[in-house]
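Colleague: Mind looking over this structure? Questions follow.
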């Protein structure tokens, strides 16, 4: 007998990429990277001042030093490692780059001590964004993504408590040191309050094509 064909198909998927940065030697690389991130915070008075007003309890170089891959050999090495992941992700999305180059336009550090959080946001003026986890103490928050159709659901009923993961309105990827997470830049996301007494350290970045 012929197999039964389902009348339901899936269209317009939202894809999120998550993979280890490299196969080995991540601990040593992250130790050096964490040390440089903390040195940057100590040096960056402008970033600390901006963070005090806009990133309560934490530190980010987003508004002060956000092209770290252009003047730090450590971050330039990180860029090279991330680049292959971005190409793989873009290929999976069937993006027609028209033989143009993709490039990292922004790269900045986030350090979240206990109680620090980052509210829901997206990354304009780029096409792929992501995060690399440097230090992720036990109990620190992951990266929470929001269904991009949420504002259009209008009169839809709530989801069942046991709803399939693909049908839920939010999903959270655990923060795991050594992992790269990539997503299309229009996808809204947030980081909940850090409940760990230790610092959660990550590097965020944006890509454009030209």
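Residue numbers (my numbering): 73 to 282. The beta-carbon is built from N, C-alpha and C at its ideal position, and this holds for glycine as well. These figures come from a predicted structure and were not determined experimentally.
Just to confirm before moving on: does the CB-CB distance between residue 112 and residue 133 stay below 8 Å?
Modeller: Along the chain shown, one-based indexing puts residue 112 at 40. Along the chain shown, one-based indexing puts residue 133 at 61. Yes; because the gap between Cβ atoms is below 8 Å, this pair is in contact.
Colleague: Quick one: Cα of residue 104 to Cα of residue 141, how far?
Modeller: Within the chain shown, residue 104 is the residue found at index 32, counting from 1. Within the chain shown, residue 141 is the residue found at index 69, counting from 1. Their Cα atoms are separated by approximately 15 Å.
Colleague: In chain order, what residues of the same chain have a beta carbon less than 6 Å from the beta carbon of residue 260, not counting five sequence neighbours either side?
Modeller: Position 188 of the chain shown, counted from the first residue, corresponds to residue 260. Here the set comprises 192, 194, 218.
Colleague: Which residue from 96, 186, 204, 208 puts its Cα closest to that of residue 254?
Modeller: As a working mapping, residue 254 is identified with position 182 in the chain shown. The shortest Cα separation from residue 254 among 96, 186, 204, 208 belongs to 204.
Colleague: Tell me which same chain residues have a C-beta within less than 6 Å of the C-beta of residue 169, skipping the five on either side of it?
Modeller: Within the chain shown, numbered from 1, the residue matching residue 169 stands at position 97. For residue 169, where only same-chain residues beyond five positions count, the Cβ hits under 6 Å are 281.
Colleague: Identify which residue in 234, 92, 201 has its Cα closest to the Cα of residue 177.
Modeller: As a first step, residue 177 is located in the chain shown; it is residue number 105 there, counting from the start. Ranking 234, 92, 201 by Cα distance to residue 177 puts 201 first.
Colleague: List in chain order: all unbroken beta strand (DSSP E) runs of 3+ residues lying wholly within the region 160 to 238.
Modeller: List check, beta strand (DSSP E) in window: 174 to 184, 190 to 193, 200 to 207, 215 to 218.
Colleague: Whole angstroms are fine: how far does the CA of residue 81 sit from the CA of residue 207?
Modeller: Position 135 of the chain shown, counted from the start, is the residue given in the question as residue 207. Position 9 of the chain shown, counted from the start, is the residue given in the question as residue 81. One C-alpha to the other measures close to 40 Å.
Colleague: Is the number of C-beta pairs between the region 236 to 249 and the region 173 to 189 that are closer than 8 Å three or more?
Modeller: At 8 Å Cβ cutoff, the stretches do not touch.
Colleague: If you check the beta carbons only, do residue 285 and residue 258 fall under 8 Å apart?
Modeller: Residue 285 is absent from the structure shown; the chain starts at 73 and stops at 282.
Colleague: So what does DSSP say about residue 145, is it helix, strand or coil?
Modeller: By 1-based counting over the chain shown, the position of residue 145 is 73. Residue 145: helix per DSSP, three-state reduction.
Colleague: Are residue 106 and residue 252 touching if we call contact CB-CB under 8 Å?
Modeller: For the purposes of this step, residue 106 is taken as residue 34 along the chain shown, with counting starting at 1. For the purposes of this step, residue 252 is taken as residue 180 along the chain shown, with counting starting at 1. Not a contact, by the Cβ cut-off of 8 Å.
Colleague: Between residue 148 and residue 237, what straight-line distance do the alpha-carbon atoms span, to the nearest angstrom?
Modeller: Position 76 of the chain shown, counted from the first residue, corresponds to residue 148. Position 165 of the chain shown, counted from the first residue, corresponds to residue 237. Going from the Cα of residue 148 to the Cα of residue 237 covers about 36 Å.
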